[in-house]
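Number of protein chains: 2
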Amino acid sequence: MPSYTPPTKDLQFVLHDVLKVTESKTPGYEELEPDFTAAILDEAGKLTSAVLAPLNAVGDREGCRLENGVVYTPKGFKEAFEKVKEGGWTGLDMPEQYGGQNMPYVIGTAVGEMFSAANQAFTMYQGLTHGAASAILAHGTDAQKDTYLPNMVSCEWTGTMNLTEPHCGTDLGLMRTKAAPQGDGSFKITGQKIFISSGEHDMADNIIHLVLAKIEGGPEGIKGVSLFIVPKFMVNEDGSLGERNGVTVGSIEEKMGIHGNSTCVMNYDGATGYLLGEEHKGMRAMFTMMNEARVGVGMQGLAQADVAYQNAVIYANDRLQGRAVTGAAYPDKPADPLIVHPDIRRSLMDQKSFAEGARAFILWGASMIDAAHRADDKDADGLVSLLTPVIKGFLTDQGYDMTVKAQQIYGGHGYIEEWGMSQFTRDARIAMIYEGANGVQALDLVGRKLAQDGGKHVMAFFDMVKNFIKDNAGEDTEFDTAFLDPLKAASKDLQSAGMYFMQNGMKNPNHALAGSNDFMHMFGHVCLGLMWAKMGLAAKNALAAGTGDAQFYKTKLATGRYYMARQLPATALHLTRIQSGADTVMALAEADF
Amino acid sequence: MPSYTPPTKDLQFVLHDVLKVTESKTPGYEELEPDFTAAILDEAGKLTSAVLAPLNAVGDREGCRLENGVVYTPKGFKEAFEKVKEGGWTGLDMPEQYGGQNMPYVIGTAVGEMFSAANQAFTMYQGLTHGAASAILAHGTDAQKDTYLPNMVSCEWTGTMNLTEPHCGTDLGLMRTKAAPQGDGSFKITGQKIFISSGEHDMADNIIHLVLAKIEGGPEGIKGVSLFIVPKFMVNEDGSLGERNGVTVGSIEEKMGIHGNSTCVMNYDGATGYLLGEEHKGMRAMFTMMNEARVGVGMQGLAQADVAYQNAVIYANDRLQGRAVTGAAYPDKPADPLIVHPDIRRSLMDQKSFAEGARAFILWGASMIDAAHRADDKDADGLVSLLTPVIKGFLTDQGYDMTVKAQQIYGGHGYIEEWGMSQFTRDARIAMIYEGANGVQALDLVGRKLAQDGGKHVMAFFDMVKNFIKDNAGEDTEFDTAFLDPLKAASKDLQSAGMYFMQNGMKNPNHALAGSNDFMHMFGHVCLGLMWAKMGLAAKNALAAGTGDAQFYKTKLATGRYYMARQLPATALHLTRIQSGADTVMALAEADF
Chain A
1 MPSYTPPTKD LQFVLHDVLK VTESKTPGYE ELEPDFTAAI LDEAGKLTSA VLAPLNAVGD
61 REGCRLENGV VYTPKGFKEA FEKVKEGGWT GLDMPEQYGG QNMPYVIGTA VGEMFSAANQ
121 AFTMYQGLTH GAASAILAHG TDAQKDTYLP NMVSCEWTGT MNLTEPHCGT DLGLMRTKAA
181 PQGDGSFKIT GQKIFISSGE HDMADNIIHL VLAKIEGGPE GIKGVSLFIV PKFMVNEDGS
241 LGERNGVTVG SIEEKMGIHG NSTCVMNYDG ATGYLLGEEH KGMRAMFTMM NEARVGVGMQ
301 GLAQADVAYQ NAVIYANDRL QGRAVTGAAY PDKPADPLIV HPDIRRSLMD QKSFAEGARA
361 FILWGASMID AAHRADDKDA DGLVSLLTPV IKGFLTDQGY DMTVKAQQIY GGHGYIEEWG
421 MSQFTRDARI AMIYEGANGV QALDLVGRKL AQDGGKHVMA FFDMVKNFIK DNAGEDTEFD
481 TAFLDPLKAA SKDLQSAGMY FMQNGMKNPN HALAGSNDFM HMFGHVCLGL MWAKMGLAAK
541 NALAAGTGDA QFYKTKLATG RYYMARQLPA TALHLTRIQS GADTVMALAE ADF
Chain B
1001 MPSYTPPTKD LQFVLHDVLK VTESKTPGYE ELEPDFTAAI LDEAGKLTSA VLAPLNAVGD
1061 REGCRLENGV VYTPKGFKEA FEKVKEGGWT GLDMPEQYGG QNMPYVIGTA VGEMFSAANQ
1121 AFTMYQGLTH GAASAILAHG TDAQKDTYLP NMVSCEWTGT MNLTEPHCGT DLGLMRTKAA
1181 PQGDGSFKIT GQKIFISSGE HDMADNIIHL VLAKIEGGPE GIKGVSLFIV PKFMVNEDGS
1241 LGERNGVTVG SIEEKMGIHG NSTCVMNYDG ATGYLLGEEH KGMRAMFTMM NEARVGVGMQ
1301 GLAQADVAYQ NAVIYANDRL QGRAVTGAAY PDKPADPLIV HPDIRRSLMD QKSFAEGARA
1361 FILWGASMID AAHRADDKDA DGLVSLLTPV IKGFLTDQGY DMTVKAQQIY GGHGYIEEWG
1421 MSQFTRDARI AMIYEGANGV QALDLVGRKL AQDGGKHVMA FFDMVKNFIK DNAGEDTEFD
1481 TAFLDPLKAA SKDLQSAGMY FMQNGMKNPN HALAGSNDFM HMFGHVCLGL MWAKMGLAAK
1541 NALAAGTGDA QFYKTKLATG RYYMARQLPA TALHLTRIQS GADTVMALAE ADF
């Protein structure tokens, strides 16, 4: 049975040594003193390791069960959900007005990583609710907010997002679900939605579905899509629950992983719905929560990679097999533990340097979302908007690869369900797909975000990297060589790729899009390179100051050196591929595949 | 429900246009005329697509069931196994003396690819039998061969290989299973073996277990391991089945994939066993079949990648989503099919260029095994021995990645079991683990094979590449630029890596082993690059001669150009990593992970 140790020390390092949150001007950050955040993280950590992690395998094994229209969650989920609610964790970064604690999103994200790592399928019930509540918060009327938010913030009621239909996912313009106005301000919603996470279950009194549908007679395609609130039970004026609405679960999907979450086919048969936001502006309303949701999914990539890594380390230290090539490390044992072998080290270092780099990247992203929302910082908003597809696409692709590496450490036992490593890869697999498949993220990055506001945000990113290097070079040759030089080279590769797109994408956009996946990955590497340079600097400074745990900082530097030497150079390969253009990619006729 | 189209045309292309099998001096190859091999491949292809492929999902869904010591295979497996036996497919490349058809291994491999692609879990029952029969053929006495081989060649009896124990897999020196001599030439075998594929099932009258065990009083560690034949039912002198032997199935494992194959815990409680080969030379006997088995597992990596690719192409052509960035490709349809999008193309081209390159690599390897076995060609034996870990490790790592890419094309549907794409990845995952986890393959390559016979075989490989380039350069600038130049650069990278190992591995072997995984992958890329250059040349020549299907050859060239431009340059990244040495890999103390 796998275990989970909350990475609270590492989260604290990123918040305080690297991001220096208390020095930020973002409102609310001044309260984030180390003792305060430590208390929150420790408390959340205890809950995740003691309550949620032990249920992870249970959820996988039992899955959800549909009987007579009722979906039953796995044994223990209900009780655990009660504990999560009691602790106030569901409203951590929600407004006090609706029962939340009004903490910055960066804290919600740090806590969220631990929740996701301990039990991704379970955490999705509250995650989807958070997303739906955010949309109501951003686009709802005061009456809607008052009606739904208090119960959603507390997770007495949960939420869902209904986008996909059998014939359309990415291309929502093809949507068929209809909304017919009833003359009283409400609509009748009719259609079928699929892949609805937490669509129906037994852990909440009510479920608030946010549903995309087309109002009859509206514009064609994506421009005619509106967003609706469709409660499972109607809500009376006094807030009590009324009649059952015309929305039912058709079936639950049998999936590769996240079995503990009920993924439902939802049928809307003239269900009563209420417009959320403006008519025909449903995509805009949906995108508000989608950016946040995409950062959250990127975090899932990190989370599964980290818990899988932790267990790989335990196994690599326990399992005796072979001898170190440089001579027996433990001559008193019948064999040495796996961890003495260089190729096992290589794999563990890949995982460790990814997880820690990704953690910094995610929290940096979350801090920019806070700056955008709490301080109306347009630059932060632009930059995090640029980086959102990178956070989602790169961290989930890489996160999945890392779970596969962790599973591999277990040899044959990695393939046996009982050991739990298979579940990490099966659960991690979905993150590459949902909230926009990673190919769509790459398309969003290269086709839209790169040129947004005249390319201002990508230029700002390059300037940030350049300035960081300039400000910190020349003081410590070893640091320059190990950290700053590789970062400079990788950033230059990324700029060359951008230049290639500019010069060739005009003539033929395929030259840009054929390199979109490579660009997303090289951008991710440069971001993690930047994070490692910042973490390396923070660790170096702490060592020089003689504060804190010296071994922790030395390990941080060593892990960073690994990333810079072994992972960051991937940018050169991505650049080579990008510069080979679209010709070989698009050469075949459809019939020749 | 996924489908499978046997790649008979492509197999014929490799056998005849590329390998030119009939021109080979290997005995038996002179019979392999195109019409003859086409007849075999077509017949096998029909069986695999019509009978085995439809059972693939059934096997995954139902799995195997253990009841009162009896293992039941999924519905339909028994009937399908009868058809495979009736067709004589189980003894295709086995000696006529024992009921086989004595075909070269290269034909067995070509047929085997289709069997594995259609239904990997099912095909393992005969695959393990083939491996066990090969070991008896190589090391058994005449009496043993006569007793076991006829029924194993026909698969009336199936076989297993018993190596792993709960506490040891790779490091078999730690083995605890004991063999006690009985004075009559037989032994009593006692111990527990795990992960025994096809260990117990209902499709054969008898199961012949090959079991590694230590004879009491023998040498310590790996040098005291012997190999034994342990039949499930004793075989009487007249060949009839006698008493049940003391071997029983303890449980069947719940695995991530290959559910249709029964993976068993086998308990030997004083079971009667017969020494196969010499005392204490069990590892040598096991390795005879292990090389063959490893090539077979490499083939599984290709097979799953190919069938997954085929279905990804179907979906990419069917699923309408979005519009081509260069303007609607199908303005009469509500949206364009996925296949118009450059990033979808990129993924499909990755898959296609891998599968076709891997197919050539596998068949080239098989032809060298034939040359070694049938013509006693020592050079071929040395080269295929060098390449075996590359075939196994590279093709299964990459093959798995390709199934993940194919699954990704399906978006959300790729995660739903009903669509079958999840099974391809779950089944493909095991190939990276069994028959020596891929880290062990990389260790075998760098730690043993590279320096074998004074490095003679790797030198021969480099000479082969050099000569191929020299012999074919200068006639066609486009071919030189697209194929030969990239091959030259990649081969140079590989040589530089070998040089780095020589110069630094002496001082500290960790400098070599920390790069072993990268070396295995760069070697694989160079091999596929060589295959693509050879296939490109064959296609170019056929086009020039005006023979055959011009579109097929043009497609082959275009696919090759893609591989050379987009995949082969990965060697440079691997070299960078290798040349960064072991310092960053080994920097951490065990407690710091």
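First to last, the sequence lines map onto chains A and B. Each residue of the first sequence is one higher than the one before, counting from 1 in the working numbering. Each residue of the second sequence is one higher than the one before, counting from 1001 in the working numbering. All C-beta atoms, glycine included, are put in the ideal place defined by N, C-alpha and C. Just so we're clear, the structure is a prediction, and the values are computed from it rather than from any experiment.
Glutamate 478 (chain A) sits in a helix when the DSSP states are folded into three classes. Less than 8 angstroms divides the Cβ of glutamate 165 (chain A) from the Cβ of isoleucine 194 (chain A).
Here DSSP, grouped into helix, strand and coil, assigns glutamate 1030 (chain B) to helix. For isoleucine 1430 (chain B), the chain A residues whose C-beta falls within less than 8 angstroms of its own C-beta are Tyr415, listed in chain order. Using a CB distance cut-off of 8 angstroms, lysine 507 (chain A) does not count as an interface residue toward chain B. Using a Cβ distance threshold of 8 angstroms, alanine 57 (chain A) and serine 3 (chain A) do not count as a contacting pair. Residue pairing for histidine 209 (chain A): DSSP places it in a beta bridge opposite A:Thr160 and A:Val230. Sequence-ordered contacts of the segment 109–137 of chain A with chain B are nonexistent [C-beta pairs closer than 9 angstroms]. Per DSSP, the unbroken beta strand (DSSP E) holding valine 1247 (chain B) starts and ends at 1247–1252. Proximity of chain A to glycine 1439 (chain B) at the Cβ level (cut-off 8 angstroms) is accounted for by His341, Asp343, Ile344, Ser347 and Gln408, in chain order. Distance from the CA of asparagine 1541 (chain B) to the CA of threonine 1547 (chain B), rounded to the nearest whole angstrom, comes to 9 angstroms. Annotation: the segment 37–84 of chain A contains the following complete segments of the alpha helix (DSSP H) (minimum length 4 residues), in chain order: 53–62.
According to the DSSP assignment, glutamate 1243 (chain B) belongs to the beta strand (DSSP E) that extends over 1241–1244. Apart from sequence neighbours up to five positions away, the residues of its chain that approach cysteine 168 (chain A) with a beta-carbon distance below 7 angstroms are Leu174 and Met175, ordered along the chain. In the DSSP annotation of this structure, valine 526 (chain A) is not part of any beta strand (DSSP E); the continuous alpha helix (DSSP H) holding it starts and ends at 516–545. For threonine 272 (chain A), the secondary structure class from DSSP, reduced to helix, strand or coil, is strand.
With a threshold of 16 other beta carbon atoms within 10 Å, threonine 477 (chain A) falls short and is exposed. Distance between histidine 1341 (chain B) and serine 1116 (chain B), taken at the CA atoms: about 31 angstroms. Residues of chain A with a Cβ closer than 7 angstroms to the Cβ of valine 1070 (chain B) do not exist; the shortest Cβ-Cβ separation is about 22 angstroms. In the structure shown, the three-state DSSP call for leucine 1568 (chain B) is coil.
Sequence-distant partners of glutamate 1156 (chain B) (beyond 5 residues in either direction) whose C-beta falls short of 7 angstroms from its own C-beta, in its chain, are Ala1204 and Asp1205. Around glutamine 144 (chain A), the same chain offers Ile136, Ile229, Tyr274 and Leu276 as residues with beta carbons nearer than 8 angstroms, after the five sequence neighbours per side are excluded. When C-beta atoms of the segment 565–579 of chain A are compared with those of the segment 492–504 of chain A, three or more pairs fall below 8 angstroms, so the two segments count as touching. Within the segment 1089–1168 of chain B, the complete alpha helix (DSSP H) segments at least 4 residues long are 1105–1118, 1120–1139 and 1142–1153, listed from N- to C-terminus. DSSP places lysine 556 (chain A) inside the alpha helix (DSSP H), whose first and last residues are 550–562. In this chain, the alpha helix (DSSP H) harbouring glycine 365 (chain A) covers 342–375. No Cβ of chain A is located within less than 8 angstroms of the beta carbon of asparagine 1267 (chain B). For threonine 8 (chain A), none of the residues of chain B pass the 8 angstroms Cβ criterion, the least Cβ distance being about 17 angstroms.
For lysine 352 (chain A), at least one C-beta of chain B is nearer than 8 angstroms to its own C-beta. About 5 angstroms separates the beta carbon of tyrosine 268 (chain A) from that of valine 247 (chain A), a gap short enough to meet the 8 angstroms contact definition. Closer than 8 angstroms to the CB of isoleucine 1433 (chain B) there is at least one CB belonging to chain A.
By the beta-carbon neighbour count (other beta carbons within 10 angstroms, threshold 16), glycine 1327 (chain B) is exposed. At a cut-off of 8 angstroms between beta-carbon atoms, methionine 586 (chain A) makes contact with chain B. Residue burial annotation: aspartate 376 (chain A) is exposed, with fewer than 16 other C-beta atoms found within 10 angstroms of its C-beta.
Assignment of alanine 1328 (chain B) by DSSP, reduced to helix, strand and coil, places it in the coil class. Comparing alpha-carbon positions, the option among A:Leu487, A:Tyr562 and A:Ser154 lying closest to aspartate 1583 (chain B) turns out to be A:Tyr562.
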